[in-house]
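In what follows, a structure is listed as structure tokens, so that the remarks can point back to it.
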């Protein structure tokens, strides 16, 4: 099965060893141009794309004339500050030549774990994708000290995929997939084309990176796979060393696919139902109850009472008129604004709130029946 052609929302992670020319410490422009051409084709057929790109540190290292030796933490941070400008400019230039708007976002793994920052990042990414821009994400290496030490753009990419409910995550690297052992050290290593469960045997196959420019190895890629599969997101590890690496996957080139047992929507609903603590309650009328049971979103006009002090994005219990919980979801308004629009139609929101706001109090994608 050609999983790539089915994808609607993709996150593509690009490793430093592919993007940076080892001999000069500059961007491998021919290779990047070929990948951008692939991405443009996918974008033109309606697929939404997010790029997670390494490369800032090795790019900045050359311009700061830092010698070919292990860098101190503060040197890595300085190199990242210089290199990030060059990295962002390269993506902006090549994407805008094709009429596509590029957007830069700097994140750390902590941004995916802090609830407020997570929601801000998610909303920004969703807005950019809806506006047909292509976000280019990198770690905020000038402050993300632990991430620099461990080189976790693989896991960062998986967290981004989880954040935006992507259905496909592509990890381009200098290896073409998962083997039973490190093929650079063991000539008897066997290639594995598809993984459906991350068993102990699969996890034991991880080796360490042996490249100078890339700081992540198979260990971080399998950690990314664990996050992706739990989120209902397919993941593929593929060699990116050839030109047009995206097209090679599309044409069934050698790679390893990791296949989840669920979908992003089902995984998200399970997370809402089982893993989030409720911060408040909404009591709704019978018409709203019927709408939810028919797969609709919760509109404010059907809300009759609100209890609790909550923030936008918090988990909320939804009760019927008999005070029995029937659903749970992530609310689009804080408690103060929710009370203002309770029982009102969305056409009135801008007058009441001073801003247009979301038409749904809780969107159906963020809601699960109990």
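Numbering (the numbering used here), first residue to last: 15 to 384.
Backbone N, C-alpha and C define an ideal beta-carbon position, used for all residues, glycine too.
Fair warning: this is a prediction, and the values are worked out from it, not measured in the lab.
Identity of the residue in the options nearest residue i by Cα
i, options, result
"residue 301", "334, 42, 321, 273", "334"
"residue 205", "124, 252, 62", "252"
"residue 259", "20, 23, 38, 55", "55"
"residue 119", "157, 65, 128, 97", "65"
"residue 68", "83, 169, 133, 243", "169"
"residue 71", "63, 337, 96, 328", "96"
"residue 124", "214, 19, 133", "133"
"residue 307", "329, 339, 93, 293", "339"
"residue 81", "39, 331, 235, 298", "39"
"residue 373", "384, 244, 358", "358"
"residue 128", "105, 189, 328", "328"
"residue 92", "108, 106, 75, 102", "75"
"residue 266", "250, 276, 255", "250"
"residue 29", "22, 18, 197, 45", "45"
"residue 296", "375, 135, 362, 220", "375"
"residue 86", "104, 63, 156", "156"
"residue 380", "298, 261, 309, 219", "309"
"residue 330", "299, 370, 383", "383"
"residue 61", "336, 79, 20", "20"
"residue 154", "194, 58, 94", "94"
Local Cβ density within 10 Å of residue i, reported as buried at 16 or more and exposed below that
i, result
"residue 122", "buried"
"residue 34", "buried"
"residue 145", "exposed"
"residue 313", "buried"
"residue 199", "exposed"
"residue 368", "exposed"
"residue 142", "buried"
"residue 192", "buried"
"residue 42", "buried"
"residue 351", "buried"
"residue 223", "For residue 223, the predicted structure reports a pLDDT of 48, less than 50, and the residue's modelled location is therefore unreliable. The matter cannot be settled from this model."
"residue 171", "buried"
"residue 90", "buried"
"residue 270", "buried"
"residue 84", "exposed"
"residue 362", "exposed"
"residue 31", "buried"
"residue 201", "exposed"
"residue 211", "exposed"
"residue 37", "exposed"
"residue 176", "buried"
"residue 316", "buried"
"residue 101", "buried"
"residue 16", "exposed"
"residue 366", "exposed"
"residue 215", "exposed"
Inter-residue CB distance, residue i and residue j (contact presumed, cutoff 8 Å)
i, j, result
"residue 27", "residue 184", "7 Å"
"residue 24", "residue 234", "That pair is no contact at about 19 Å."
"residue 248", "residue 274", "6 Å"
"residue 348", "residue 325", "5 Å"
"residue 254", "residue 186", "3 Å"
"residue 236", "residue 217", "6 Å"
"residue 241", "residue 173", "6 Å"
"residue 152", "residue 98", "6 Å"
heavy atom of the ligand ADP below 7 Å from residue i C-beta
i, result
"residue 147", "In the structure on display, the ligand ADP does not appear, and there are no ligands present to speak of."
For this session: Assess, as a yes-or-no matter, whether the segment 266 to 281 is touched by the segment 311 to 327 under the definition of 3 or more beta carbon pairs within less than 8 Å.
Result: no
Exercise. Fully enclosed by the segment 102 to 140, which beta strand (DSSP E) runs are 3 residues long or longer?
Worked result: 116 to 121
Problem set entry | Stretch-stretch touch, CB-based, cutoff 8 Å, three pairs: the segment 283 to 300 with the segment 339 to 349 | yes
For this session: Specify whether the segment 102 to 117 and the segment 37 to 54 touch according to this definition: at least 3 beta carbon pairs, one from each stretch, less than 8 Å apart.
Result: yes
Problem set entry | Segments of 4+ residues assigned as alpha helix (DSSP H) that fall wholly inside the segment 181 to 257 | 214 to 217, 232 to 244
Exercise. Which runs of the beta strand (DSSP E), 3 residues or longer, sit entirely within the segment 18 to 57?
Worked result: 23 to 28
Problem set entry | alpha helix (DSSP H) runs contained entirely in the segment 352 to 378, provided each spans 4 or more residues | 363 to 367
Problem set entry | Ordered list of alpha helix (DSSP H) runs contained in the segment 306 to 355, each at least 4 residues | 349 to 355
Problem set entry | Length at least 3, wholly inside the segment 258 to 291: the beta strand (DSSP E) runs in chain order | 269 to 272
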